[in-house]
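**Student:**
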């Protein structure tokens, strides 16, 4: 949990002001505790698990031809967590602490818009796998 805490702080940190970052996170955690009977740590874990992508599209430049070739790339655990936290942060807009609270709740209940988009993207990534002829897909 300590590693995840430092990753969250580094992703949400703005202009190097750690005090404001901690204050925003504490506000959203207090909202989570006040509005739910469940433990806030379990809610955050389930939200992170639901928002973490498994695959990502990478691009490779071809040497002879001009152009890029896209292929699905399986992310390691550290990159999955970072991308999940970035997604929670990016979907939080105006009032950061309350919107972060809403995003965490929606993603833990699997009702977020991002989760629907993620499922469609995962299907597209798997369909692009047919066209990737690299040794790690065999």
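Numbering (my numbering), first residue to last: 547 to 684. We put the beta carbon where it would ideally sit given N, CA and C, even for glycine.
1. Ignoring anything shorter than 4 residues, give me the alpha helix (DSSP H) runs that lie fully in the stretch 627 to 658, in order along the chain.
2. Got a sec? Which residues, its chain only, sit under 6 Å from residue 600 by beta carbon, not counting five neighbours each side?
3. From residue 588 to residue 618, what does the alpha carbon distance come to, in whole angstroms?
4. If you draw a straight line from the alpha carbon of residue 594 to that of residue 661, how long is it in whole angstroms?
5. What residue range is occupied by the uninterrupted beta strand (DSSP E) comprising residue 601?
6. Spatial neighbours of residue 586 within its chain, please: C-beta separation below 8 Å, excluding the five flanking residues on both sides.
7. Consult DSSP for residue 661 and reduce its assignment to one of helix, strand or coil.
8. Taking the CB atoms as reference points, tell me whether residue 570 and residue 642 lie closer together than 9 Å.
**Tutor:** The structure says:
1. Listed in chain order, they are 642 to 654.
2. There are no such residues.
3. 30 Å
4. One C-alpha to the other measures close to 11 Å.
5. Start and end: 601 to 607.
6. 575, 578 and 579
7. helix
8. yes
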